[in-house]
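*Asks:*
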Amino acid sequence: AEAAELRERLRLVKHTVLVLSGKGGVGKSTFSALLAHGLAADETKQVALLDIDLCGPSIPKMMGLEGEQVHQSGSGWSPVYVEENLGVMSVGFLLSSPDDAVIWRGPKKNGLIKQFLRDVDWGEIDYLIVDTPPGTSDEHLSIVQYLGAAYVDGAVIITTPQEVSLQDVRKEINFCHKVKLPIIGVVENMSGFICPKCKNESQIFPPTTGGAEKMCQNLNVSLLGKVPLDPQIAKSCDNGQSFLSEAPESPATSSYRSIIQRIQEYCDQHHFQEEKII
Amino acid sequence: LIIFPPERSNLAGVRHILLVLSGKGGVGKSTISTELALSLRHSGKKVGILDVDLCGPSIPRMFRVQNSDVHQCDSGWVPVFVDQDKSISLMSIGFLLEKPDDAVVWRGPKKNALIKQFVGDVAWGDLDFLIVDTPPGTSDEHISTVEALRPYRPLGAILVTTPQAVAVGDVRRELTFCKKTGLKVLGIVENMSGFVCPHCSECTNIFSKGGGEELAKHAGVPFLGCVPLDPQLSQSLEDGRDFIQEFPKSSAFPALAHIAQQILDATSQRSS
Numbered sequence: 016a017e018a019a020e021l022r023e024r025l026r027l028v029k030h031t032v033l034v035l036s037g038k039g040g041v042g043k044s045t046f047s048a049l050l051a052h053g054l055a056a057d058e059t060k061q062v063a064l065l066d067i068d069l070c071g072p073s074i075p076k077m078m079g080l081e082g083e084q085v086h087q088s089g090s091g092w093s094p095v096y097v098e099e100n101l102g103v104m105s106v107g108f109l110l111s112s113p114d115d116a117v118i119w120r121g122p123k124k125n126g127l128i129k130q131f132l133r134d135v136d137w138g139e140i141d142y143l144i145v146d147t148p149p150g151t152s153d154e155h156l157s158i159v160q161y162l163g164a165a166y167v168d169g170a171v172i173i174t175t176p177q178e179v180s181l182q183d184v185r186k187e188i189n190f191c192h193k194v195k196l197p198i199i200g201v202v203e204n205m206s207g208f209i210c211p212k213c214k215n216e217s218q219i220f221p222p223t224t225g226g227a228e229k230m231c232q233n234l235n236v237s238l239l240g241k242v243p244l245d246p247q248i249a250k251s252c253d254n255g256q257s258f259l260s261e262a263p264e265s266p267a268t269s270s271y272r273s274i275i276q277r278i279q280e281y282c283d284q285h286h287f288q289e290e291k292i293i
Numbered sequence: 013l014i015i016f017p018p019e020r021s022n023l024a025g026v027r028h029i030l031l032v033l034s035g036k037g038g039v040g041k042s043t044i045s046t047e048l049a050l051s052l053r054h055s056g057k058k059v060g061i062l063d064v065d066l067c068g069p070s071i072p073r074m075f076r077v078q079n080s081d082v083h084q085c086d087s088g089w090v091p092v093f094v095d096q097d098k099s100i101s102l103m104s105i106g107f108l109l110e111k112p113d114d115a116v117v118w119r120g121p122k123k124n125a126l127i128k129q130f131v132g133d134v135a136w137g138d139l140d141f142l143i144v145d146t147p148p149g150t151s152d153e154h155i156s157t158v159e160a161l162r163p164y165r166p167l168g169a170i171l172v173t174t175p176q177a178v179a180v181g182d183v184r185r186e187l188t189f190c191k192k193t194g195l196k197v198l199g200i201v202e203n204m205s206g207f208v209c210p211h212c213s214e215c216t217n218i219f220s221k222g223g224g225e226e227l228a229k230h231a232g233v234p235f236l237g238c239v240p241l242d243p244q245l246s247q248s249l250e251d252g253r254d255f256i257q258e259f260p261k262s263s264a265f266p267a268l269a270h271i272a273q274q275i276l277d278a279t280s281q282r283s284s
């Protein structure tokens, strides 16, 4: 019966995109939030942003929803809406204080992730974006397993240019292959910094082994784009605002927009299968 | 299950154990662990690093020993020495993978089993410091590591954050983890705190500024200092070089040296 409930919810989801990285702190949540805003700019589309980082839920803050709580109704848990067509769910909404820690082992984490998919009343969605914690562990195995009944377009993998990130991201790419998750492409974040004063570029996170470009060539995955560092990005995230709206002229904004468009085009090329034979 | 009393164990010769934690990923835990080890070595100490990040083990490469193998001896696993001096030794799952790109796709129980082995079965010998580098979060690895280390009474934990609120938000939760598990917080490091342009010396707060210091004040724990963004530091880690020895004029050097000094001060307080 549980599996049937899950299937019923996921039947209403047209496209699902997972945002992954082997590495922490490369900008997964930042990207997930901006992807959600970008897709929801089309008011005819219904977008859902699901944050399954249970230990470090960044999404509520980034979406300006800190302090919001989840309400229950007859049809399940209500997502918290940023816009009419953009709903969000995160463990952050279930914690009563910013100091509350989710100190859980794997099985308990898996249980909540299943609930997020089964009990949240998302309704009909055009895009489900799933923001994940770093790594290749319980959360990742579980989300792929539980999404089995849905059509998953694929994963967007985030990295920064340096080898210490790439070495973890290659593992994530291997994880995707192992669980047969298609890879939409890779985003190279924090790709260079232009000094606002003298306009010279610095490679704060140097691509000593060729950056994401070389890695994507070697592993035959798509490089969706490179995004430079911009101090306004961190500010917007901290203030819960969309960087795309706050800094429309930034080179980082044009990079993000072009990447979001490529993801949209990728999804449009694939059709949702109404009946999935399990 | 045989439990050896602490006096007979592989950790009997380790004087001080400290953990490097953060709720947040990518803030520089492995970087700080590495630089702290190098600083302590330059103060004449013998240091070990135990890397319990099983999904993203960064430590081997930061010492340019990523191709090393781990050997067994009578008391367990022999840690990998970084150089002939044998003043820094490492253990990481990175050394146990057949291929560097192999993903460790394990659920909690399997991770917990390996962590118990890493804590109990590595023949560290005599060390002044054992630094335990952790993955982000407050989950299996952290619970298991703290449980396994409890009989050996760790000195405490250093918490690393970057300045912005999104990072500090996660580190607050890590502070709760420390409180709940009885782990003393030695202090907070605010990493990636400002970037000084090498061309014109203009300072830009790329990831904001001050959040780590504020958190330390709010939580009543020591603030160990701000470490700026430094491309020379990133490059040095990429190449597996000794940043402390090779880049004493670098912008990050004073802050990193100061953190090590505070740790040394904390240990002399404990002994007295």
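Protein chains in written order, with this note's numbering: chain A, 16 to 293; chain B, 13 to 284. Quick reminder that beta carbons are idealized off the backbone N, C-alpha and C, glycines included.
1) Do you know how far the Cα of R120/A is from the Cα of K221/B?
2) Going along the chain, which residues of its own chain have a beta-carbon closer than 7 Å to the beta-carbon of D65/B, five neighbours each way excluded?
3) List in chain order: all unbroken beta strand (DSSP E) runs of 3+ residues lying wholly within the stretch 90–123 of chain B.
4) If we call anything under 9 Å between Cβ atoms a contact, is Y271/A one with G169/A?
5) Quick check: the Cα distance between I29/B and D63/B, rounded to an integer number of angstroms?
6) Can you find the residues in the same chain that come closer than 7 Å, C-beta to C-beta, to D134/A, ignoring five residues on each side of it along the sequence?
7) Would you list, in sequence order, the uninterrupted alpha helix (DSSP H) runs of no fewer than 4 residues that lie entirely inside the stretch 221–257 of chain B?
8) Are V103/A and P113/A close, meaning C-beta to C-beta below 9 Å?
9) In angstroms with no decimal places, state the Cα-to-Cα distance between R165/B and I275/B.
10) Mark P240/B as exposed unless 16 or more other C-beta atoms lie within 10 angstroms of its C-beta, in which case mark it buried.
11) Look at the alpha carbon of H211/B and the alpha carbon of C213/A, and state the distance between them as a whole number of angstroms.
12) Taking the DSSP output, what are the residues bridged to L143/A?
13) Taking R73/B as the query, report the chain A residues whose CB atoms sit under 9 Å from its CB, ordered along the chain.
14) Secondary structure at G169/A, three-state DSSP: helix, strand or coil?
15) Between D146/A and R119/B, which are expected to be in contact by the criterion C-beta below 8 Å, what is the C-beta distance as a whole number of angstroms?
16) Nearest to S55/B by alpha carbon, out of A278/B, R282/B, A269/B?
17) Does any CB atom of chain A fall closer than 9 Å to the CB of L249/B?
18) Assuming F219/B and Q247/B make a contact with CB atoms under 8 Å, what is their CB distance in whole Å?
19) Rounded to a whole number of angstroms, what is the C-alpha to C-alpha distance between L141/A and Q61/A?
20) DSSP state of S45/B, grouped into three classes?
21) From F265/B to C238/B, what does the alpha carbon distance come to, in whole angstroms?
22) Using a Cβ cut-off of 8 Å, which residues of the stretch 21–49 of chain B contact any Cβ in chain A, in chain order?
23) Any contact between the stretch 34–48 of chain B and the stretch 179–192 of chain B? By contact I mean 3 or more CB pairs, one from each, below 8 Å.
24) Select from the stretch 105–123 of chain B all residues with a C-beta closer than 8 Å to any C-beta belonging to chain A, and list them in chain order.
25) Using the C-alpha atoms, what's the distance from A267/A back to V167/A?
26) Could you tell me whether any Cβ in chain B is nearer than 9 Å to the Cβ of Q256/A?
27) If you measure between the beta carbons of L139/B and K196/B, is that distance less than 9 Å?
28) If we count the other Cβ atoms within 10 Å of its Cβ and call it buried at 16 or more, is A116/A buried or exposed?
29) Classify Y161/A: buried if its beta carbon has 16 or more other beta carbons within 10 angstroms, exposed otherwise.
30) Any idea if N233/A is buried or exposed, counting beta-carbon neighbours within 10 angstroms, 16 or more meaning buried?
31) For the alpha helix (DSSP H) containing R73/B, name the first residue and the last one.
32) Among L198/B, A228/B, F259/B, whose alpha-carbon lies nearest the alpha-carbon of D277/B?
33) Return no unless some Cβ of chain A is closer than 9 Å to the Cβ of L187/B.
34) Please report how far the alpha carbon of I293/A lies from the alpha carbon of R24/A, in whole angstroms.
35) Taking the alpha helix (DSSP H) that M104/A belongs to, which residues open and close that run?
36) Against chain A, which members of the stretch 150–182 of chain B pass a CB distance test of less than 7 Å?
*Replies:* Let's see:
1) Along the second sequence, read from residue 1 onward, the residue named residue 221/B stands at position 209. Along the first sequence, read from residue 1 onward, the residue named residue 120/A stands at position 105. The straight-line gap from Cα to Cα measures roughly 33 Å.
2) Numbered from its first residue, the second sequence carries residue 65/B at position 53. Once the five neighbours on either side are set aside, the close Cβ partners of D65/B are D145, T146, P147.
3) 100–104
4) For this step, residue 271/A is matched to residue 256 along the first sequence. For this step, residue 169/A is matched to residue 154 along the first sequence. Contact flag unset, no.
5) In the second sequence, the residue the question calls residue 29/B occupies position 17. In the second sequence, the residue the question calls residue 63/B occupies position 51. Each residue's Cα considered, the two are about 13 Å apart.
6) Taking the first residue of the first sequence as 1, we reach residue 134/A at position 119. So the list reads G91, W92, once near-sequence residues are dropped.
7) 223–231, 243–251
8) Within the first sequence, the letter at position 88 stands for residue 103/A. Within the first sequence, the letter at position 98 stands for residue 113/A. Cβ atoms of V103/A and P113/A: not closer than 9 Å.
9) On the second sequence, position 153 is the one that residue 165/B refers to. On the second sequence, position 263 is the one that residue 275/B refers to. Spanning the two alpha carbons is a distance of roughly 16 Å.
10) Taking the second sequence and counting its residues from 1, one reaches residue 240/B at position 228. Buried is the call here.
11) Here residue 211/B refers to the residue found at position 199 of the second sequence. Here residue 213/A refers to the residue found at position 198 of the first sequence. When rounded, the distance between both Cα atoms is 8 Å.
12) Position 128 of the first sequence, counted from the start, is the residue given in the question as residue 143/A. BP columns for L143/A point to T31/A, A63/A.
13) Taking the second sequence and counting its residues from 1, the one referred to as residue 73/B is at position 61. Chain A residues near R73/B: E178, V179, Q182.
14) Against the first sequence, residue 169/A aligns to sequence position 154. Three-state DSSP puts G169/A in a strand.
15) Start at 1 with the first residue of the first sequence, and residue 146/A comes out as number 131. Start at 1 with the first residue of the second sequence, and residue 119/B comes out as number 107. Actually they do not touch by this definition, with Cβ atoms about 20 Å apart.
16) Stepping through the second sequence from its first residue, residue 55/B is reached at position 43. The shortest C-alpha separation from S55/B is found at A269/B.
17) Along the second sequence, one-based indexing puts residue 249/B at 237. It does: the Cβ of L249/B has a partner Cβ on chain A nearer than 9 Å.
18) Here residue 219/B refers to the residue found at position 207 when the second sequence is read from its first residue. Here residue 247/B refers to the residue found at position 235 when the second sequence is read from its first residue. Between Q247/B and F219/B the Cβ distance is about 19 Å, and since that is not below 8 Å, they are no contact.
19) In the first sequence, the residue the question calls residue 141/A occupies position 126. In the first sequence, the residue the question calls residue 61/A occupies position 46. At residue 141/A the sequence reads Asp, which differs from the Leu that was named. About 5 Å.
20) In the second sequence, residue 45/B corresponds to position 33, counting from 1. The answer is helix: DSSP assigns S45/B an H, G or I state.
21) Along the second sequence, read from residue 1 onward, the residue named residue 265/B stands at position 253. Along the second sequence, read from residue 1 onward, the residue named residue 238/B stands at position 226. Rounded to the nearest angstrom, the two C-alpha atoms are 11 Å apart.
22) G35, K36, G37, G38, V39, S42
23) yes
24) P112, D113, D114, A115, V116, V117, W118, R119, G120, P121, K123
25) Here residue 167/A corresponds to residue number 152 of the first sequence, with the count starting at 1. Here residue 267/A corresponds to residue number 252 of the first sequence, with the count starting at 1. For V167/A and A267/A, the distance between alpha carbons rounds to 27 Å.
26) Taking the first residue of the first sequence as 1, we reach residue 256/A at position 241. No, no contact with chain B.
27) Numbered from its first residue, the second sequence carries residue 139/B at position 127. Numbered from its first residue, the second sequence carries residue 196/B at position 184. No, the pair does not count as a contact, with Cβ atoms beyond the cut-off.
28) By one-based count along the first sequence, residue 116/A stands at place 101. Counting Cβ neighbours within 10 Å, A116/A comes out buried, since at least 16 surround it.
29) As a position in the first sequence, residue 161/A is number 146, starting the count at 1. Counting Cβ neighbours within 10 Å, Y161/A comes out buried, since at least 16 surround it.
30) Position 218 of the first sequence, counted from the first residue, corresponds to residue 233/A. By the 10 Å Cβ count, N233/A comes out exposed.
31) Mapped onto the second sequence, residue 73/B falls at position 61. Run containing R73/B: 71–74, per the alpha helix (DSSP H) assignment.
32) One-based indexing of the second sequence puts residue 277/B at position 265. Here the closest residue by C-alpha is L198/B.
33) Translated into the one-based positions of the second sequence, residue 187/B becomes position 175. By this cut-off, L187/B is an interface position.
34) Walking along the first sequence from the start, residue 293/A turns up at place 278. Walking along the first sequence from the start, residue 24/A turns up at place 9. Unreliable positioning characterises I293/A in this predicted model, as indicated by a pLDDT of 40, which lies under 50. A coordinate reading is not provided.
35) In the first sequence, residue 104/A corresponds to position 89, counting from 1. Segment 101–105 is the beta strand (DSSP E) holding M104/A; no alpha helix (DSSP H) there.
36) For the stretch 150–182 of chain B, the set of residues with a beta-carbon nearer than 7 Å to any beta-carbon of chain A comprises T150, S151, D152, I155, Q176, A177, V178, G181, D182, in chain order.
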